[in-house]
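Written below as structure tokens is the structure these notes are about.
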Amino acid sequence: STVERVFTNVTTGTVDLPPDGGYGWVCCICALVVLFSTWGNNSAFGVYLSYYIDNDVFPGATQQDFAWIAGLIVFLAQFFAPFAVISERLIGFKTTMSIACVFHFVGYLLASFATKLWHLFVCQGVIVGISYSFLFVPACSIIPNWFLKKRAIASGILCSGTGLGGMVYSLSINALIQKTGDQRWSLRMVAIVTTVSLAIAIFFIKKRNQPPRQKVNWINFRDNLRAMFSTQILKAPQLWYITLWFSLALLGYNMTLFSFASSATALGLSQHQASVLTALINAAQAVGRPTMGLIADAYVGRVNYSIILNIVVIILIFGFWMVARSFTALLLCGLCLGFTLGVGNVMNSVLIADAFKAEDFAAAWSILNMVMAFFVLFVEVIALSLRDNSLSNPFLYAQIFAGCIFVVALLFLFPLREWHIKAMLGRRRAETQREVEEVQGRKVLSLPVSEDYVVKLDTKQENYNHLLSETPRGYIKRTLYPLKV
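In this note's numbering, each number is its position in the sequence shown, counted from 1, plus 24.
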């Protein structure tokens, strides 16, 4: 079976399934803390953005300059994913994360002493961005290692760290800026608190069946780099279905989050009300992301639920956010978006794990992150460029753009579903063929065979042949076939 093929231990020859629990839950919480301290902390960048602009902290700097820093952090964090995996194989899982933790601390600490814009680009942009990659990539890679049937809920719990971190750091950073009168001590607070929390998480997190470390030399680095970009993985259509879906979904996600609070103030709401909206979305994400995983695993299927949530987000953007004008309406809209908007963040690694063998997961997921980096580099700049102050709703074009991006993203989930259905039906047809051959063998030996059973097998085989036909009609039928995938 597929499970046996994927999880057979090469050394012992036995099937070694992930335990779906046990110490895996401890590792899941540790990974949550890593995301809380990295992506969650980064979700509060908007607080710094508002302060830098309103107080002219770096004279001559524009909103676009700070938007580039925000994009640079995300770009570098995603782009260096393959190198984080290679580092893990060469110097070890915890060593990689520990070194990154030190750089994470140094980046924020140095940023607190920045006096020129380029200081901020280097410290809060480059150093912090690269350190993110070597922290979150190893942490997130433990999910397929520990979980099989509960992958989506584990991923949802892990990803809720981003929402929790965004809520906590947004409020604490803003409070510290108000208390001290500038951004410096808030950056130092982030450096200290994240370092302590990351150190605790790194101490307790571990990989199950961790392979032995390789020697650190050019040959091993080159071989790992080649394996990371193997043509077999690059040619897999399912990789590109998931990669393009997630890249576009994350572009829409960032566009929506970046614009939501700003659109509220542009409509006349206060800065305090805008910060409440941001905190509400992050809080809703903290609840919504584990819920996504639970429903996907237990009831609907991971691809199916990704499609459903993608459609819901499109409806919320076009049918709710674009017409919401009051604080109450925006609160309700933010709550609904918080529950659904992060579907790509939760499901991307899970869908990759479902579509590839265990030994290919790291390479496939790294390619996904590297490609996605180019999609998110410009998102904040695009959002600012689409702002039109001559309109009653200055963020109308940004809202339309975000909604259209999710529509295009949805189009890549349908071929992914067809790919899964085709594989499942192919396995069922092969099983039916074996049953037919067994019946034929019994007939040769003149053993009794039920005619009803023979007719049933013939009907099943005919149906599978029809569904698996390489025609447009067969493709559409597979795409819409009612199966939990």
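We put the CB at the ideal spot given by N, CA and C, even for glycine.
Note that the coordinates shown come from a computational prediction; the quantities given were computed from them, not determined experimentally.
Item: Runs of alpha helix (DSSP H) wholly within the segment 231-267 (minimum 4 residues, chain order); Value: 242-252, 255-258
Item: Reference residue 376; option with closest CA among 455, 258, 115; Value: 258
Item: Residue 221 versus residue 58 - alpha carbon distance; Value: 8 angstroms
Item: Residue 446 and residue 492 closer than 8 angstroms at C-beta; Value: yes
Item: Cutoff 7 angstroms; reference residue 428; Cβ partners in own chain excluding five residues on either side; Value: none
Item: DSSP-derived helix/strand/coil call for residue 151; Value: helix
Item: Sequence-distant residues of its chain with Cβ nearer than 6 angstroms to residue 136 (five each side left out); Value: 208, 211, 212
Item: Buried/exposed call for residue 500, threshold 16 Cβ in 10 Å; Value: exposed
Item: Exposure of residue 474, with buried meaning 16 or more beta-carbon neighbours within 10 Å; Value: exposed
Item: Burial state of residue 156, where buried means 16 or more other Cβ atoms lie within 10 Å; Value: buried
Item: Member of 338, 233, 237, 187 whose CA lies at the smallest distance from the CA of residue 432; Value: 338
Item: Proximity to residue 147 [Cα-Cα], best of 440, 350, 188, 100; Value: 100
Item: Distance between residue 159 and residue 124 (C-alpha atoms, nearest Å); Value: 6 angstroms
Item: Proximity below 8 angstroms, CB of residue 166 to CB of residue 231; Value: yes
Item: Start-end ranges of the alpha helix (DSSP H) lying completely within the segment 100-151, minimum 4 residues; Value: 105-115, 117-135, 141-144
Item: Whole-angstrom distance between residue 331 and residue 365, CA atom to CA atom; Value: 12 angstroms
Item: Segment contact, 8 angstroms Cβ cut-off, at least three pairs: the segment 399-406 with the segment 346-358; Value: no
Item: Cα-Cα separation between residue 482 and residue 324, rounded to whole angstroms; Value: 30 angstroms
Item: Contact under 8 angstroms by Cβ, residue 280 with residue 65; Value: no
Item: Collapsed DSSP secondary structure at residue 72 in the structure displayed; Value: helix
Item: Segments of 4+ residues assigned as alpha helix (DSSP H) that fall wholly inside the segment 145-206; Value: 152-164, 166-170, 175-204
Item: Contact under 8 angstroms by Cβ, residue 306 with residue 190; Value: yes
Item: Where residue 495 falls: helix, strand or coil (DSSP); Value: coil
Item: Straight-line Cα distance separating residue 145 from residue 130; Value: 14 angstroms
Item: Rounded C-alpha distance that separates residue 216 from residue 455; Value: 58 angstroms
Item: Pick from 284, 315, 352 that is closest to residue 371, judged by C-alpha positions; Value: 315
Item: C-alpha gap between residue 319 and residue 293, whole angstroms; Value: 35 angstroms
Item: Closest by C-alpha distance to residue 336, when choosing among 188, 420, 360; Value: 360
Item: Segment limits, alpha helix (DSSP H) that includes residue 47; Value: 47-61
Item: Cβ pair count under 8 angstroms reaching 3, the segment 72-82 against the segment 242-252; Value: no
Item: Neighbourhood of residue 55 by C-beta distance below 7 angstroms, restricted to the same chain and skipping five residues each side; Value: 163, 164, 166, 182, 229
Item: Other residues of its chain near residue 449: CB distance less than 8 angstroms, five sequence neighbours each side excluded; Value: 488, 491, 492, 502, 505
Item: Nearest-angstrom Cβ-Cβ length linking residue 261 and residue 171, presumed shorter than 8 angstroms; Value: Not really, about 25 angstroms apart at Cβ, beyond 8 angstroms.
Item: Under 8 angstroms between C-beta atoms of residue 317 and residue 225; Value: no
Item: Helix, strand or coil at residue 390 according to DSSP, with G and I counted as helix; Value: helix
Item: Residues near residue 379 by beta carbon distance below 6 angstroms, same chain, minus five either side; Value: 262
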